[in-house]
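Shown next, in structure tokens, is the structure this report addresses.
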């Protein structure tokens, strides 16, 4: 198991390293000189040159490339163009809001999607199965920003059940939670559908397996067969899908944070792009990449922990 | 005394093409401590028979007539789900054909063996001790340390022995063995048959042994039923069936057994024709279209004719054939 986990982690580091190289090339290829962008149109050539030297832009490409990696490893993501604050501080300040949003989005998907999918599979062909089938396709088809706007309209404006905007009072957990409900529904609703469909399909496959017939022939209770023997297997591809879902939710978070005027990485990147605050964009992209890779490594390790076959095949 | 007695069991499936009669008035009994072989080609209804006994027929399947009685006289066809579940794994247990797929791949052997004992009022440690004991009986080396392992860590032969251990865990009255050795290679097959025989003597259970391998049936069983297209065409003691078959199908089946060929042949013998469409059963004998002895009266439903003690054949010619040959 340990060998497997270490290998997965190593793969994660390799992916982050590659992603950083691509990110560096993209920054390098963007037209315009970051230094003159940062100083604005009224800066003198001398001021621009001085900033170029300070930012290390006068160095050879390979040296810039190396410095980019070296400082990133040290946790130095550069300084913000406008206020001069370290980018790492700015990004990490916003990160918890987005994390909370995504974790609660995933919670919707897991808490509703897994039971609904299992129910649909166990009662295959029933009315419940058909309702779940139609609803899952419907929620997958609706874009998350549409869900966000209608959720806002219905629950916050018309019914006035939930707050419309903001992230709630800092320190007041209940208030923050009520502010999370609608945005997380917006990013998570589509994934309720994905997860329900995935669980239904893999559950049907698992229930067909001959070991399920063996379990029935041994007279095991149907509940034990469904939840311990079949769902235990059906859950494995779903975990991998959830890892991918986090990446998807990171991009939906941009919409949700704008619509609900919540702080977070999405809102930060959106604002930074408008004012061409490139170091913040780069830093935020880097942090979310690392986060996404970490989540997927965690999902892989979890699958390994739950599936002895994966563990022994890949752990060697 | 019979552990299981099946009388006139008929099972039908509702299919898009109409009702399909998968079992047609099947009758046989399994005596206490006896081994009854069930032989027949693929599609002859062997699996349907097992599922009907276990109460695990697919949703579109239905027992339309007949009885399946246990030693205490209870009719399994009349029991509810909960009562059937209490019998499965306790009094009637099963070993299936596919040793690779028969065990749950993500649960340890110990966990699966513990689950089978869920009705026993024992502690976890006591259940594990019983599992170890059972694994030792099926000759799994070092059974204590094996409980934490998963199915993929065992070889095919070991997995089948573990499946046998699980099936015998609750000391059932009847063990149904559904082609337990078909997926194993020849040396393992012999070893597994020997083991099964030994355990059967040990525990004293009766066995319903399903196989299409005539050699294995002859080696292991006391009596045999021959199935064709959902019907028991002949049943009797093993020696009688193998030496004096009364049904033309049994005769042909024995001729086709490669183990009985004494000289080299260019082409292995087969029975010409195919199993008929069970949705459109002929009114008369179902084997008639392929039978080399078919007569005009075979267009009428054939009777179950008693040919000798415990020897019955569903054929117009049964008895007559034997006399003619005598």
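Chains as they are written, first to last, in my numbering: chain A, 642 to 957; chain B, 24 to 349.
Just so you know, even glycine gets a beta-carbon here, dropped at the ideal spot from N, CA and C.
Only a predicted model underlies this, so the values are computations on that prediction, with no experimental measurement involved.
Quick check on this structure: which residue in 327(B), 34(B), 26(B) has the alpha carbon closest to the alpha carbon of residue 84(B)? 34(B)
Taking buried to mean at least 16 other C-beta atoms within 10 Å of its own C-beta, is residue 290(B) buried or exposed? exposed
Using 8 Å as the threshold, is the C-beta distance between residue 203(B) and residue 223(B) below it? no
Can you tell me where the alpha helix (DSSP H) with residue 819(A) in it begins and where it stops? Residue 819(A) -> alpha helix (DSSP H) spans 814 to 849.
Note down, in chain order, each residue of its chain lying with its Cβ closer than 7 Å to the Cβ of residue 41(B), except the 5 sequence neighbours on either side. 302
Pull out every residue of the segment 651 to 667 of chain A whose Cβ sits closer than 7 Å to any Cβ of chain B, in chain order. Hits within the stretch: zero.
Rounded separation between residue 957(A) and residue 646(A) - CA only: Interpretation of residue 957(A) is limited by its pLDDT of 45, a score under 50 that renders its predicted location unreliable; no figure is taken from the coordinates.
Within 10 Å of its beta-carbon, does residue 38(B) have 16 or more other beta-carbons around it, so buried, or fewer, so exposed? exposed
In chain A, which residues lie with their C-beta within 9 Å of the C-beta of residue 161(B)? Here the premise fails: no neighbours, minimum Cβ distance about 16 Å.
What three-state label does DSSP hand residue 173(B) in the structure shown? coil
By the DSSP assignment, the beta strand (DSSP E) with residue 260(B) in it spans what residues? 254 to 260
4-residue-minimum alpha helix (DSSP H) runs that sit fully inside the segment 135 to 175 of chain B, ordered along the chain: Fully enclosed alpha helix (DSSP H) runs of 4 or longer: 147 to 160, 166 to 169.
Rounded separation between residue 741(A) and residue 787(A) - CA only: 21 Å
Kindly indicate the opening and closing residues of the beta strand (DSSP E) around residue 43(B). DSSP places residue 43(B) in the uninterrupted beta strand (DSSP E) bounded by 41 to 54.
Does residue 322(B) pass the burial test, meaning 16 or more other C-beta atoms within 10 Å, or should it be called exposed? exposed
Using the rule of at least 16 other Cβ atoms within 10 Å of the residue's Cβ for burial, across every protein chain shown, is residue 849(A) buried or exposed? exposed
Ordered list of alpha helix (DSSP H) runs contained in the segment 895 to 936 of chain A, each at least 4 residues: 906 to 915
Does the separation of the CB atoms of residue 89(B) and residue 31(B) fall below 8 Å? yes
Should residue 865(A) go down as buried or exposed, given a rule of 16 or more other Cβ atoms within 10 Å for buried? Exposed, since its Cβ has fewer than 16 Cβ neighbours within 10 Å.
Touching or not, the segment 885 to 894 of chain A and the segment 804 to 817 of chain A, by the rule of three or more beta carbon pairs under 8 Å? Inter-segment contact for the segment 885 to 894 of chain A and the segment 804 to 817 of chain A is absent: fewer than three beta-carbon pairs are separated by less than 8 Å.
Spatial neighbours of residue 904(A) in its chain, beta-carbon cut-off 8 Å, leaving aside the 5 residues before and after: 735, 738, 808, 898
How long is the line joining the alpha carbons of residue 836(A) and residue 906(A), rounded to whole angstroms? 25 Å
Name, going along the chain, the residues of the segment 65 to 95 of chain B whose beta-carbon falls closer than 7 Å to a beta-carbon of chain A. For the segment 65 to 95 of chain B, which is checked against every Cβ of chain A, the residues closer than 7 Å are 77, 79.
Given this structure, state the Cα-to-Cα distance separating residue 663(A) from residue 650(A), to the nearest angstrom. Rounded to whole angstroms, residue 663(A) to residue 650(A) spans 20 Å at the Cα level.
Chain B beta carbons: is any one of them nearer than 8 Å to that of residue 870(A)? yes
Taking beta-carbon pairs under 9 Å, can you tell me which members of the segment 130 to 142 of chain B lie near chain A? Residues passing the 9 Å Cβ filter: 130, 131, 134, 135, 138, 139, 141, 142.
Report yes or no: is there a C-beta of chain B within less than 8 Å of the C-beta of residue 953(A)? yes
Rounded to the nearest angstrom, how far is the Cβ of residue 805(A) from that of residue 797(A), given a contact under 8 Å? 4 Å
What does residue 841(A) reach in chain B if we use C-beta pairs closer than 9 Å? Chain B residues near residue 841(A): none, gap ~18 Å exceeds 9 Å.
Rounded distance between the beta-carbons of residue 125(B) and residue 867(A), thought under 8 Å: Going by Cβ atoms, the distance from residue 867(A) to residue 125(B) rounds to 19 Å, so no, they are not a contact pair.
Under 8 Å between C-beta atoms, does residue 189(B) make it to chain A? Chain A has a Cβ within less than 8 Å of the Cβ of residue 189(B).
Using a 10 Å radius around the Cβ and a threshold of 16 neighbouring Cβ atoms, would you call residue 710(A) buried or exposed? It counts as exposed.
Short of 8 Å in beta carbon distance, which residues of its chain neighbour residue 235(B), apart from the five on each side in sequence? Order them along the chain. Cβ within range, chain order: 62, 63, 64, 65, 202, 205.
Kindly indicate if chain B contains any beta-carbon less than 8 Å away from that of residue 806(A). Taking Cβ atoms only, chain B never reaches closer than 8 Å to residue 806(A), which makes this a no.
Chain-ordered neighbours of residue 851(A) on chain B, where CB pairs are closer than 9 Å: 119, 120, 121, 123, 124, 125
From the beta carbon of residue 229(B), is the nearest beta carbon of chain A less than 8 Å away? No, its Cβ sits nowhere closer than 8 Å to a Cβ of chain A.
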